[in-house]
Amino acid sequence: MSAPSLGKDLVGLEPLSAEQIQLILDTAEPFKEVSERAIKKVPALRGKTIVNLFFEASTRTRISFEFAEKRLSADTVNVAAAGSSVSKGETLVDTAKNLEAMRIDMVVIRHGSSGAAQFLGQRIRSNVINAGDGKHEHPTQGLLDMLTLRDRFGRISGLKVAICGDILHSRVARSNIWGLTKLGAEVGVCGPASLLPRQVEELGVTILPRIEDAIQWADALNVLRLQLERMEAGFLPSLREYNRVFGVTKERLERAPKELLILHPGPMNRGVEIDSDVADGPHSVILPQVTNGVAVRMAVLYLLAGGSPDWAGGSESPSTSSGQALPREERGER
Amino acid sequence: MRPILIRGGRVIDPSRGTDGVADVYLADGAVAAVGRNIGQPDEALVIDATGKIVSPGLIDVHVHLREPGQEDLETVASGAMAAAAGGFSAVCAMPNTDPVTDNQAAVGFIVSQAQRAGKARVYPIGAISLGQKGQQLAEFGELVGAGAVAVSDDGKPVVSSHLMRTALEYARTFAIPVVDHCEDPTLSAGGAMHEGIVATRLGLKGIPSAAEEIMVARDILLAEHTGGHVHLCHMSTRGSVELIRRAKEKGIRVTAEACPHHFTLTHEQCEGYNTNAKMNPPLREPEDREAIRQALRDGTIDVICTDHAPHHYDAKEREFDDAPNGIIGLETALGLAITELVEPGLLTLCDLVNRMSTMPARIFSLPGGTLAAGAPADVTITDPKASWIVSPDQFFSRSRNTPFAGRRLTGRAEVTIVRGQIVYQGEPRTEPEKRVPRGRQ
């Protein structure tokens, strides 16, 4: 079987083909089961060394990557900008080259500057996975959102997904737009015009001016976190007004023509972009998103490390036969 | 000083409207004669310019030479040598040095460094405001007395309309242009590239065209109000072109310049987070590039300049947001202008010499820009057919930050003469790769 490979790095969903995205989602399926076991470990990345290089604060994404790595038996090191040589003025490229001199295999990077992951990937031999770069992309978040949608609807193609909130500053929005449109979904973006990127419709999305329009139109809403500092920067008058005009509330959802699936990449501002009774309501998949995050990241790590997708979705799952997911070369040796 | 006879070249002198094969005789630092079959005085050095363009020396009214303050990036001497190698007999150095060129001593220092270097002439531009802080006017009278030819806070916009107004009024006393970097900082703050579809895709904060156009409009209104002469730096948008066109129709004293990168490249160049495409004003859209080209053709934009902005390799080798703005341009400008403007038929060679020599001299009241008898013996001999590949390793500039590396260009300066002396002479090169790196050993 000649499955598409992912290449060296995962910097975003924009450069990926529909087949490559499909491959990751399919590969994630069997990895979901690993996390349900009593002993949550397979030896797929045994002996691999992974550095989680987080220049920006992150709880969910960093822990999710770390679980994914540990459940694949990789050796991991976490580096945060504070307390490292970065805070002493070392450049990104020097930090990375020093890490690589210690013979690592992969770097997971979260960075405040758009393009940082690509920059790193072009300068080191290790695989680089983008865990969020500035306002550019957050590909594993996009993938886990898509996996969650696929779980609930059984498909991506033909779905109408409205991304709501601060599209301008959102890497989650960009990864979702690329991933969903490549797999044939229709994507709408909804938010105040001051928080929509220029010419965003050229990315192949529909602009939904009001939250009521999004609710009428969509099968699912992906509600973005509203960064509180946007008010100070003059993009919005107040959080209170944002909630009144753009908030996803129970009252608004009750007027929807159909039941809407509710996603949120977290962390939530309850009572701002989303009300608690929606976040905790029956149509919310916010926690299943988090669960899927580990499976998607396991799939990405596994595929970039050269793992074979052959068993993905097929009869030979990583839990069958020897009960282990094995990289291709290991299986070949047996 | 040995006289020079430049024989048989195509002599283009927009100041006199002449374009034809002739000899040019330079003696005692001045143009002695231009004509057919000038006899050869015994002592003269003869340069055969058959097939070449002989023009008044090119003048770049907008460069950053980094001295004093950042001599590792460029010095007056290295910049003046790079200028000469690019065919420029004179450059105007912007005052955003460290310390800022905002007083007569600082201006005098640059004048003396340029004299010591003895390459292209370097005319300092003084600051508009002390420390380029945008608050208190610098002493224009003393700046001009020490050799400044204009004032500018370039690198920074003049935010205060009141300060811009008083600068335009006060500068009239000294008959110098006020040179403005047009940017509304409240719109451009944090921006890394042009605000458009590429910035949207790359997730970079954009600088809207309106950030430039608002200040262009303001400066035009203030020039009209004061009667002062405003010269607008590095125009990049179609909206700016439209504003200038209308202002000129009304007879307002506004002149403008544009850079080779803005008539050659677009924001697509930033793809892949290419920091050598990061500059301010940013590379814009194809429609903007076309408007700049047309404006250079019809004279709405008067002058081609480089905005030569040296940066160290390390400074560009980083995240796009954190990389500094700017590219070097002295050694590629002529080739880009011939390749992008003359070859496609937008400009004649005579138009080009006008935009790169005669108009700069006229607008900044500089010597040169003409081959009239008695004019300074500043001459550029250009091979308009030379085909060469941009190879930054061979630049005389101390910096290498250019987005044009590897690009094939047509047209190159072969000899640059300043004050009757040859300050640059490249080998005739049909094969560009044969050029021996010089100046850095």
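Chains B and Z are the protein sequences, given in the same order.
Here this note's numbering is used: the first residue of the first sequence is 1, the next is one more, and so on.
Here this note's numbering is used: the first residue of the second sequence is 1001, the next is one more, and so on.
Virtual Cβ for every residue (Gly too), placed ideally from N, Cα, C.
Outcome for residue i when other beta-carbon atoms lying within 10 angstroms are tallied against a minimum of 16
i          : result
Ile1128(Z) : buried
Gln1104(Z) : buried
Glu1183(Z) : buried
Glu1427(Z) : exposed
Ser1160(Z) : exposed
Thr1173(Z) : exposed
Asn98(B)   : exposed
Gly158(B)  : exposed
Ala1120(Z) : buried
Lys1250(Z) : exposed
Asp275(B)  : buried
Val245(B)  : exposed
Gly1450(Z) : Because chain Z in this structure spans residues 1001 to 1441, residue 1450(Z) falls outside the shown range and cannot be described.
Thr1226(Z) : buried
Leu228(B)  : exposed
Gln20(B)   : buried
Gly1069(Z) : exposed
For residue i, the three-state DSSP class (helix, strand or coil)
i          : result
Glu1249(Z) : helix
Met1(B)    : At Met1(B), the pLDDT of 45 sits below 50, so the modelled position is not reliable; the number obtained from the coordinates is stated separately. Coil, per DSSP.
Phe1404(Z) : coil
Asn1325(Z) : coil
Val1076(Z) : helix
Leu195(B)  : helix
Gly313(B)  : Summary for Gly313(B): the model assigns pLDDT 38, below 50, so the residue's position carries little reliability; its value from the coordinates is reported in the next sentence. Residue state, collapsed to three classes: coil.
Met954(Z)  : The question about residue 954(Z) has no answer, for chain Z in this structure spans 1001 to 1441.
Tyr1170(Z) : helix
Gln1394(Z) : helix
Gly142(B)  : helix
Gln1269(Z) : helix
Thr1018(Z) : strand
Ala162(B)  : strand
Leu261(B)  : strand
Asp280(B)  : coil
Gly1141(Z) : helix
Ala185(B)  : coil
Thr1101(Z) : coil
Within chain B, partners of residue i - CB distance below 7 Å
i          : result
Glu1317(Z) : Val93
First through last residue of the alpha helix (DSSP H) which encompasses residue i
i          : result
Gly306(B)  : No alpha helix (DSSP H) holds Gly306(B); DSSP gives it neither H nor E.
Leu993(Z)  : The question about residue 993(Z) has no answer here: the residues shown for chain Z are numbered 1001 through 1441.
Gln118(B)  : 116 to 121
Pro1286(Z) : 1286 to 1298
Gly1108(Z) : 1104 to 1117
Proximal chain Z residues relative to residue i, where beta-carbon distance stays under 8 Å
i         : result
Lys135(B) : Gly1203, Leu1204, Lys1205
Chain Z contact residues for residue i, given Cβ-Cβ distances below 9 Å
i         : result
Glu29(B)  : Within 9 Å Cβ-Cβ: nothing; Glu29(B) doesn't reach chain Z, min ~30 Å.
Val200(B) : Ile1197, Thr1200
Arg171(B) : Gly1203
N- and C-terminal bounds of the beta strand (DSSP E) containing residue i
i          : result
Met106(B)  : 106 to 111
His1262(Z) : From DSSP, His1262(Z) is part of no beta strand (DSSP E) but of the alpha helix (DSSP H) over 1260 to 1264.
Lys135(B)  : Lys135(B) -> no beta strand (DSSP E), and no H or E assigned at all.
Ser1055(Z) : 1053 to 1056
Pro1384(Z) : 1379 to 1389
Pro1185(Z) : Careful: Pro1185(Z) lies outside any beta strand (DSSP E), inside the alpha helix (DSSP H) at 1185 to 1188.
Asn52(B)   : 49 to 54
Arg1007(Z) : 1004 to 1013
Ile1047(Z) : 1045 to 1048
Pro1367(Z) : Where Pro1367(Z) is concerned, there is no enclosing beta strand (DSSP E), given that its DSSP letter is neither H nor E.
Interface residues of chain Z facing residue i [CB-CB closer than 7 Å]
i         : result
Phe119(B) : Tyr1273, Glu1319
Ala116(B) : Glu1319
Arg155(B) : Near Arg155(B) there are no residues of chain Z at all, since even the closest Cβ is about 27 Å away, more than 7 Å.
Arg174(B) : Gly1203
Pro336(B) : This structure cannot settle anything about residue 336(B), because the visible part of chain B is limited to 1 through 334.
Pro139(B) : The premise fails here: Pro139(B) is roughly 12 Å from chain Z at the closest Cβ pair, so nothing lies under 7 Å.
Pro197(B) : Thr1200
Chain B residues whose Cβ lies nearer than 8 Å to that of residue i
i          : result
Asp1322(Z) : Ser113
Taking contact to mean 3 or more Cβ pairs, one atom from each stretch, closer than 8 Å, check whether the segment 170 to 177 of chain B and the segment 125 to 139 of chain B are in contact. When Cβ pairs closer than 8 Å are counted between the two stretches, the segment 170 to 177 of chain B is seen to touch the segment 125 to 139 of chain B, the count reaching three or more.
Count Cβ pairs between the segment 1021 to 1041 of chain Z and the segment 1367 to 1385 of chain Z that sit closer than 8 Å; are there 3 or more? The way I'd put it, the segment 1021 to 1041 of chain Z does touch the segment 1367 to 1385 of chain Z; three or more beta-carbon pairs between them come closer than 8 Å.
Kindly confirm or deny that the segment 1273 to 1290 of chain Z and the segment 1033 to 1041 of chain Z touch, where touching means at least three C-beta pairs closer than 8 Å. Under the Cβ criterion (8 Å, minimum of three pairs), the segment 1273 to 1290 of chain Z does not count as touching the segment 1033 to 1041 of chain Z.
Is the segment 149 to 168 of chain B touching the segment 177 to 197 of chain B in the sense that three or more CB pairs, one from each, lie closer than 8 Å? These segments touch.
Whether or not the segment 1111 to 1118 of chain Z and the segment 1347 to 1355 of chain Z are in contact is what I'm after, with contact meaning three or more pairs of Cβ atoms, one per stretch, closer than 8 Å; do they touch? Not touching, per the Cβ criterion.
Per the contact definition of three or more C-beta pairs closer than 8 Å, is the segment 199 to 216 of chain B in contact with the segment 131 to 151 of chain B? With a cut-off of 8 Å, the segment 199 to 216 of chain B and the segment 131 to 151 of chain B do not count as touching, because too few Cβ pairs lie within range.
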